[in-house]
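One structure is given below, encoded as structure tokens.
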Amino acid sequence: MLLHADSFQAKAKQLQIDRIGIAAVKPVGDHVKDTFLRYLEKGRQAEMHYLERHLEKRFDPAMLLPGARSLVVILCGYAQAEDTPRHPHISLYAQGKDYHLYVKEKLNALAEHLPAGTFRCFCDTAPVLEKYWAEQAGLGVVGKNSLLINPDFGSYCFIGILLTQAAFDHYDRPLYETPGFTHPCADCRLCAEACPAGALQNGLDANRCLSYLTIEHKGERPPLPAGWFGCDRCQKVCPANRSIARPGHADFRASDTLLSLTEETVLAMKQEEFEKTFGNSAILRAGLDGLQKNIKAQPHGKPATSF
Ligand code: SF4
Ligand code: SF4
Numbered sequence: 216m217l218l219h220a221d222s223f224q225a226k227a228k229q230l231q232i233d234r235i236g237i238a239a240v241k242p243v244g245d246h247v248k249d250t251f252l253r254y255l256e257k258g259r260q261a262e263m264h265y266l267e268r269h270l271e272k273r274f275d276p277a278m279l280l281p282g283a284r285s286l287v288v289i290l291c292g293y294a295q296a297e298d299t300p301r302h303p304h305i306s307l308y309a310q311g312k313d314y315h316l317y318v319k320e321k322l323n324a325l326a327e328h329l330p331a332g333t334f335r336c337f338c339d340t341a342p343v344l345e346k347y348w349a350e351q352a353g354l355g356v357v358g359k360n361s362l363l364i365n366p367d368f369g370s371y372c373f374i375g376i377l378l379t380q381a382a383f384d385h386y387d388r389p390l391y392e393t394p395g396f397t398h399p400c401a402d403c404r405l406c407a408e409a410c411p412a413g414a415l416q417n418g419l420d421a422n423r424c425l426s427y428l429t430i431e432h433k434g435e436r437p438p439l440p441a442g443w444f445g446c447d448r449c450q451k452v453c454p455a456n457r458s459i460a461r462p463g464h465a466d467f468r469a470s471d472t473l474l475s476l477t478e479e480t481v482l483a484m485k486q487e488e489f490e491k492t493f494g495n496s497a498i499l500r501a502g503l504d505g506l507q508k509n510i511k512a513q514p515h516g517k518p519a520t521s522f
């Protein structure tokens, strides 16, 4: 089956998907494999052992869906207007609805334009190199902060993948192949210099990253200089995030309940209330115990510094 890429992209626009790109399925290049394997060898994945599994699928998406021909990559921008209220100690991406739910809804709606049984949708739910495929689909480049940087939305965007057996009449090309393209990180190290944990020296080291330590890490916390959930410092200082589009999707705005949270209310919370408060939020991932540990790990028991 051969589909028209332009018509498919127009459907994405009707669904208010902020950006879409399409890449042909093929195994990733040797340099991509080597970089990923070196990252694992150095142990920079910390306790995210799922990254060590299913490497053959991670390096070849066709192994996730027999007969797969195309990867449709979508971006959903989550930045809000500067004056939109937000909780100061929670990462911007987790202020509103869980992005996994939002992105999956968009992918499922888009997939209705494909024949049944010819696709799979992913948003952090399969061993796929999402940022690499976003690059291949012309949606941006990976920056020194390890995030995808899109020319319009900066690094404030979520990635979703639709892997399909459909072929398209044409495919997008990586931006770095555009004549005259300059990588946004070419003469910049601001994120590495601003990182309070020294986690961005020659790539990301999750062992040090406050985002990892406050969300994925299950053990005791070292002293945490900022943030109950996640850390935005490397994004805040990034010049590529100035003058970006701020789509202001209502789903990603902080609810009144979130805005009213204090150290005391979270520390006094019971499991049932935690699930009720964060049932639709990415914060659920840290668990109540994790969130409370993060708050207690602020230096000397002082209130968390906002980031
Ligand atoms: S702060 Fe500079 S080096 Fe870091 S991701 Fe942004 S542009 Fe690249
Ligand atoms: S999220 Fe925070 S700790 Fe992690 S790399 Fe960025 S600035 Fe450093």
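As numbered in the numbering used here, residues 216 to 522 make up the sequence shown, in order.
We put the beta carbon where it would ideally sit given N, CA and C, even for glycine.
It should be emphasised that the depicted structure is a prediction, and the values quoted were computed from it without experimental measurement.
Proximity below 8 Å, CB of residue i to CB of residue j
| i | j | result |
| --- | --- | --- |
| Gln310 | Phe467 | yes |
| Arg301 | Ala469 | yes |
| Ile498 | Ile235 | no |
| Phe274 | Val243 | yes |
| Leu506 | Trp443 | yes |
| Ala324 | Leu476 | no |
| Ser348 | Ala238 | One point to set straight first is that residue 348 is Trp, not Ser, in the sequence displayed. Yes, the Cβ-Cβ distance between Trp348 and Ala238 is below 8 Å. |
| Leu439 | Asn365 | no |
| Leu307 | Tyr254 | no |
| Arg448 | Pro411 | yes |
| Pro462 | Asp298 | no |
| Ala381 | Met216 | yes |
| Leu415 | Arg259 | no |
| Arg436 | Ala512 | yes |
| Lys226 | His328 | yes |
Where the beta strand (DSSP E) through residue i begins and ends
| i | result |
| --- | --- |
| Cys157 | Nothing can be reported for residue 157: it is not among the residues displayed for the chain, which extend from 216 to 522. |
| Val287 | Ser285 to Gly292 |
| Cys424 | No beta strand (DSSP E) holds Cys424; DSSP gives it neither H nor E. |
| Gly375 | Cys372 to Thr379 |
Separation of residue j from residue i, as counted between CA atoms
| i | j | result |
| --- | --- | --- |
| Ala421 | Ala261 | 6 Å |
| Ala409 | Gln450 | 10 Å |
| Gly282 | Asp471 | 47 Å |
| His264 | Leu280 | 23 Å |
| Ala455 | His464 | 20 Å |
| Glu431 | Gln486 | 18 Å |
| Leu378 | Glu478 | 42 Å |
| Glu256 | Arg268 | 13 Å |
| Thr250 | Thr480 | 43 Å |
| Ala352 | Pro514 | 43 Å |
| Ile322 | Asn417 | The identity of residue 322 in the sequence shown is Leu, whereas the question assumes Ile. Rounded to whole angstroms, Leu322 to Asn417 spans 34 Å at the Cα level. |
| Leu536 | Pro303 | Coverage of the chain is limited to positions 216 through 522, which leaves residue 536 absent and any answer about it impossible. |
| Ala326 | Phe334 | 7 Å |
| Glu345 | Glu488 | 34 Å |
| Gly292 | Tyr314 | 10 Å |
| Arg500 | Glu320 | 19 Å |
| Met278 | Leu252 | 19 Å |
Whole-Å CB distance - residue i paired with residue j, under 8 Å assumed
| i | j | result |
| --- | --- | --- |
| Ile374 | Leu363 | 6 Å |
| Pro276 | Leu286 | 6 Å |
| Lys523 | Ser496 | Outside the shown range of the chain (216 to 522) lies residue 523, about which nothing can therefore be said. |
| Val343 | Ile376 | 6 Å |
| Ala294 | Phe368 | 7 Å |
| Val452 | Leu405 | 5 Å |
Delimiting residues of the alpha helix (DSSP H) encompassing residue i
| i | result |
| --- | --- |
| Leu252 | Asp245 to Glu256 |
| Arg234 | Taken as a continuous stretch (DSSP letters only), Arg234 belongs to no alpha helix (DSSP H), being part of the beta strand (DSSP E) at Arg234 to Ala239. |
| Phe223 | Ala220 to Gln229 |
| Thr340 | Here Thr340 belongs to no alpha helix (DSSP H), and DSSP marks it neither H nor E. |
| Cys400 | From DSSP, Cys400 is part of no alpha helix (DSSP H); its letter is neither H nor E. |
| Gly502 | Gly502 to Lys511 |
| Ala455 | Here Ala455 belongs to no alpha helix (DSSP H), and DSSP marks it neither H nor E. |
| Gln486 | Gln486 to Phe493 |
| Arg273 | Leu270 to Arg273 |
| Ala326 | Tyr314 to Ala326 |
| Thr480 | Glu478 to Leu482 |
| Asp471 | Asp471 to Leu474 |
Residue i beta carbon near ligand 4 (any heavy atom closer than 7 Å)
| i | result |
| --- | --- |
| Lys359 | Ligands displayed in this structure: ligand 1 and ligand 2; ligand 4 is not among them. |
Checklist entry - Contact between the region 417–431 and the region 332–350: three or more CB pairs below 8 Å? => result With fewer than three CB-CB distances shorter than 8 Å, the region 417–431 does not count as touching the region 332–350.
Checklist entry - When the Cβ atoms of the region 219–226 are set against those of the region 380–387, are three or more pairs found closer than 8 Å? => result Because the criterion of three Cβ pairs below 8 Å is met, the region 219–226 and the region 380–387 touch.
Next on the checklist: With three or more beta-carbon pairs closer than 8 Å as the criterion, would you say the region 397–416 touches the region 349–358?
Outcome noted: Note that the region 397–416 touches the region 349–358; at least 3 beta-carbon pairs, one per stretch, sit closer than 8 Å.
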